[in-house]
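One structure is given below, encoded as structure tokens.
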């Protein structure tokens, strides 16, 4: 908490594969009372088929698709990750 008693909020940004998740794990280990919100990578890897809410073995891995073909999937990934 800050001096006024209000919760402090920090945002961690960085390029892909620079160690953001690792840094958050270290912060969590050092400050166990902190509430850390991480990226929902599992959700990006298991996107349910249209019209369903269930994840199946054939679910789309939107994260992989975006890395393999960014010109095609970057906008879709960005839109999905903001929802």
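Residue numbers (the UniProt record's numbering): 1 to 83.
Ideal Cβ placement from N, Cα and C applies to all residues, glycine included.
- Only exposed fits residue 8, as fewer than 16 other CB atoms lie within 10 angstroms of its CB.
- Annotated three-state conformation of residue 37 is coil, per DSSP.
- The alpha-carbon of residue 80 is positioned some 20 angstroms away from that of residue 17.
- No residue range can be given for residue 19, since it is assigned to no alpha helix (DSSP H) and is classified by DSSP as neither H nor E.
- In the structure shown, residue 60 adopts extended strand secondary structure according to DSSP, grouped into three states.
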